[in-house]
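A.B. asks: Numbering (the numbering used here), first residue to last: 7 to 538. Positions of the beta carbon are idealized from the N, C-alpha and C atoms, including for glycine.
#1: Residue ranges of each alpha helix (DSSP H) run of no fewer than 4 residues wholly in the segment 364-442, ordered along the chain?
#2: For the alpha helix (DSSP H) containing residue 286, list its first residue and its last residue.
#3: Relative to the alpha-carbon of residue 64, which residue among 32, 102 and 48 has its alpha-carbon at the smallest distance?
#4: Can you give me the Cβ contacts of residue 508 inside the same chain, cut-off strictly under 8 Å, excluding the 5 residues immediately before and after it?
#5: Taking C-alpha atoms, which residue in 119, 181, 76 and 304 lies nearest to residue 158?
#6: Is it true that the CB of residue 373 sits closer than 9 Å to the CB of residue 398?
#7: Assuming the contact rule is C-beta atoms closer than 8 Å, residue 200 and residue 277 should be a hit. Round their C-beta distance to whole Å, please.
#8: Do you know how far the Cα of residue 473 is from the Cα of residue 318?
#9: In chain order, what residues of the same chain lie with their CB nearer than 6 Å to the CB of residue 347, ignoring the 5 residues before and after it?
#10: Assuming residue 6 and residue 407 make a contact with CB atoms under 8 Å, what is their CB distance in whole Å?
#11: Alpha carbon to alpha carbon, how far is residue 402 from residue 345? Give it in angstroms, no decimals.
#12: My assumption, with CB atoms under 8 Å, is that residue 83 sits in contact with residue 69. Please give the rounded CB distance.
#13: Skipping 5 residues on each side, what residues in its chain have a beta carbon closer than 6 Å to that of residue 274?
#14: Would residue 288 and residue 270 qualify as a contact pair, given that the criterion is a beta-carbon distance under 9 Å?
#15: Am I right that residue 208 and residue 230 are in contact with their C-beta atoms under 8 Å? What's the rounded C-beta distance?
#16: Quick one: is residue 388 buried, meaning 16 or more other Cβ sit within 10 Å of its Cβ, or exposed?
#17: Report the partner residues of residue 185 according to the DSSP bridge assignment.
#18: Determine the direct distance from the alpha carbon of residue 42 to that of residue 78, and round the result to whole angstroms.
#19: Would you mind reading off the limits of the alpha helix (DSSP H) that contains residue 120?
#20: Within a Cβ cutoff of 8 Å, which residues of the same chain sit near residue 471, ignoring the five residues on either side of it in sequence?
#21: Could you have a look at residue 54 and say whether DSSP puts it in helix, strand or coil?
#22: For residue 52, which of 123, 89, 85 and 95 has the nearest alpha-carbon?
#23: Using three-state DSSP, classify residue 519 as helix, strand or coil.
#24: What is the DSSP secondary structure of residue 221, counted as helix, strand or coil?
#25: If you reduce the DSSP assignment to three classes, tell me which class residue 166 lands in.
#26: Would you mind stating whether residue 198 and residue 261 have Cβ atoms separated by less than 9 Å?
#27: Can you say whether residue 235 is buried or exposed, counting buried as having 16 or more other CB atoms within 10 angstroms of its CB?
#28: Quick one: what's residue 214 bridged to in DSSP?
#29: For residue 439 and residue 447, what's the separation of their Cα atoms in angstroms?
#30: If you check the beta carbons only, do residue 363 and residue 396 fall under 9 Å apart?
#31: Between 58, 378 and 360, which has its C-alpha nearest residue 520's C-alpha?
#32: Can you check which of these residues, 523, 525, 524 and 492, is closest to residue 512 by C-alpha distance?
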């Protein structure tokens with residue numbers, strides 16, 4: 007009999023060890039609440055349990071039933087009314103207590119000593135997986151925090167790049183609304199900007215996003231005195247307001263009344279400022295009452311700071327544009343007054359038929375971009391004719407550039423005409439822009455063209471043909487749009503025949519010749535000139 011008992015005890019011990027090994031193997035593939043699925047049902051020969059409770063500090067409670075269902079709670083779970091026996095054991099390492107586990111029977115029987123010893127071993131085995139789960143949870147929290155920071159910075163960078171790229175106020179307001187709606191899903195975005203001309207009003211730009219409908223954009227003026235935006239601007243602190251949709255707000259606050267009518271109970275106001283200069287208020291509203299939580303509010307506060315910079319830039323750009331346009335119109339008006347009072351030929355004194363012919367030719371060619379060659383003796387007023395042509399042309403908005411080819415030394419004439427790069431020749435310490443570049447989109451008057459050196463004439467011909475130049479010391483081609491007027495007191499046709507002037511350049515210049523008669527051929531003008 008004793009031998010039979012010994013054999014039975016050995017067999018039971020082996021089954022007990024096998025059950026413990028099976029539970030250990032199950033625990034290797036489980037996590038958090040699913041740890042309980044490794045314990046229930048317990049393998050034979052351990053007594054059956056109806057449910058197991060797992061408590062993880064500080065406030066997580068799990069319960070697993072033998073039918074496979076699981077409950078999770080942040081508060082302790084109530085014991086089953088029909089509990090007949092419970093075995094609760096602490097789960098603790100040498101350094102800390104991780105929680106507790108409870109095995110419960112509701113079938114009317116009690117756990118024996120072997121069961122409780124088995125439970126103690128199970129509680130000890132749970133220490134390692136629970137420590138691993140705690141570390142994993144900590145790492146997941148850290149990853150979530152880093153992910154949140156990454157998203158936070160990405161939103162800031164994207165918003166900053168978007169809003170700072172717009173210098174016009176209307177475009178800026180539209181971009182701010184689009185970005186905030188895209189990142190936060192906020193339905194109502196508005197900017198109440200201080201009116202620089204009238205300090206008692208806000209200029210309000212609002213955008214209202216609704217599903218399946220176009221964006222509703224509104225622009226109106228809001229009286230500043232006594233309004234919620236004024237208080238936010240004065241306090242320089244964000245304000246979050248919860249509207250009661252059942253009660254209409256005070257009629258004196260038009261903004262809140264406006265938002266109440268759109269069923270937007272959650273309102274957030276953020277001051278816009280730059281360099282301590284108050285610029286306005288960013289107004290956000292949403293249907294959800296918990297939209298403006300602390301995390302969102304911190305990010306929105308940083309976005310508002312960047313919007314303040316963009317608003318200041320846009321305001322400065324608008325002022326610069328206004329002053330520029332004003333100066334432009336004043337300049338146009340002054341030029342009109344000068345032209346109206348003086349006439350187109352105010353510098354030319356004439357009454358003779360010979361000059362009448364010249365002026366008719368002048369008016370005829372002025373409207374085109376043709377090259378003009380003005381011929382005449384010294385002192386006949388060739389430069390005055392060139393100025394009149396430029397004044398009547400479409401290029402008169404820019405000044406005419408002039409150059410006397412006989413007055414410039416031949417060694418410097420090329421540099422003066424086409425310009426030079428730094429180091430192109432001895433003494434060229436800086437880059438120099440030539441007359442052709444100066445006269446781009448305007449008129450270049452070359453006086454005494456007959457005195458231009460023969461070796462320089464091919465370069466002038468190339469400019470007339472190709473409309474491009476190269477500076478001295480550079481191989482970079484620069485396109486120019488120049489109308490050329492040349493003048494000379496010499497007989498270029500005879501010079502070309504004598505090979506003293508390039509024939510191809512002469513024909514390029516002689517597109518529309520105008521001969522200015524000397525005074526001896528127009529005696530009718532002498533009395534007027536004497537009086538002048």
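C.D. replies: Well, looking at it:
#1: DSSP assignment within the segment 364-442 yields the following whole alpha helix (DSSP H) runs of 4 residues or more, N-terminal first: 388-398 and 416-424.
#2: No alpha helix (DSSP H) contains residue 286, which is instead part of the beta strand (DSSP E) from 283-292.
#3: 102
#4: 460, 463, 464, 467 and 502
#5: Shortest Cα-Cα distance from residue 158 to any of 119, 181, 76 and 304 involves 304.
#6: yes
#7: Wrong, their Cβ atoms sit about 11 Å apart, outside the cutoff.
#8: Near 44 Å, if we compare the C-alpha coordinates of residue 473 and residue 318.
#9: For residue 347, the pLDDT reaches just 41, beneath the cut-off of 50, and the residue's location in the model is therefore unreliable, leaving the point undetermined.
#10: Any property of residue 6 remains undetermined from this structure, which presents the chain solely from 7 to 538.
#11: Annotation note: pLDDT 48 at residue 345 (below 50); position unreliable, no value reported.
#12: For residue 83 against residue 69, the beta-carbon gap comes to about 5 Å, under 8 Å, which counts as contact.
#13: 246, 290 and 298
#14: no
#15: 6 Å
#16: buried
#17: Note: residue 185 sits in no beta bridge, so no partner.
#18: 12 Å
#19: 119-131
#20: 514
#21: coil
#22: Comparing Cα positions, the closest option is 123.
#23: strand
#24: coil
#25: Residue state, collapsed to three classes: helix.
#26: Residue 198 places its beta carbon less than 9 Å from that of residue 261.
#27: buried
#28: 194 and 222
#29: 15 Å
#30: no
#31: Checking every option, the nearest Cα to that of residue 520 belongs to 378.
#32: 492
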